[in-house]
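Asks: Sharing a structure with you now.
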Amino acid sequence: MLLEVLEDTTDGVLDAVRSRRAELGLVHLPPPALAGAPDPHLDLAITTREPLIAALPAALAAEHGDRADLASLAEHPFLVPPRGSRSGLHAHTLNLGTAQGDRRRRRL
596 MLLEVLEDTT
606 DGVLDAVRSR
616 RAELGLVHLP
626 PPALAGAPDP
636 HLDLAITTRE
646 PLIAALPAAL
656 AAEHGDRADL
666 ASLAEHPFLV
676 PPRGSRSGLH
686 AHTLNLGTAQ
696 GDRRRRRL
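Counting in my numbering, the sequence shown runs from 596 upward without gaps.
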C-alpha cells in the first residue's frame, strides 16, 4: 500500500476537497464556520474522538476529580494555543464562550 500525505492549512484542506483537487482531507477540528451552517459541497465524518485535556493546578484539579466539565471551569481564563496554530483550538474556544454569551477575550 502506498500512502501519499500532503500538507496544508485546515482551510486549504477543505478548499481542496471542496474544489475536487483532493478526494479526502483530514482536519483536527472542523472550522467554526462549518459549525453553524452545513457546506453543500462538503460532508464531514468523524474518524476518531480525542479527549480535550485541561491542565489544572493541583488545588483546582482536586475540586474536579478525574473529569472536569468545561462549564464548571468557565469562571477561570482559558489559556489555549495561539490563533493560527494547527490545532484550531483557539477559534473553537472563543466560539464556545460566544455561544454561552461570553464575549471576553483575554491575552497574556
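For each residue, glycine too, the CB sits at the ideal point set by N, CA and C.
Since this is a predicted model, take the numbers as computed values, not measurements.
Give every residue of the same chain whose Cβ lies closer than 6 Å to the Cβ of residue 617, excluding the five residues on either side of it in the sequence, and list them in chain order.
Replies: If we look at residue 617 and ignore the five residues flanking it on each side, its Cβ neighbours are 611.
Asks: Are the CB atoms of residue 663 and residue 651 nearer to each other than 9 Å?
Replies: yes
Asks: Specify, as a first and last residue, the run of the alpha helix (DSSP H) that residue 605 falls within.
Replies: 605-613
Asks: If residue 609 sits next to residue 600, beta carbons under 8 Å apart, how far is it from one beta carbon to the other, in whole angstroms?
Replies: Residue 609 to residue 600, Cβ: 17 Å. No contact.
Asks: Tell me the residue span of the alpha helix (DSSP H) that contains residue 654.
Replies: From DSSP, the alpha helix (DSSP H) with residue 654 extends over 653-659.
Asks: Quick check on this structure: which residue in 613, 678, 670 has the alpha carbon closest to the alpha carbon of residue 635?
Replies: 613
Asks: What residue does the alpha helix (DSSP H) around residue 668 start on, and which one ends it?
Replies: 665-668
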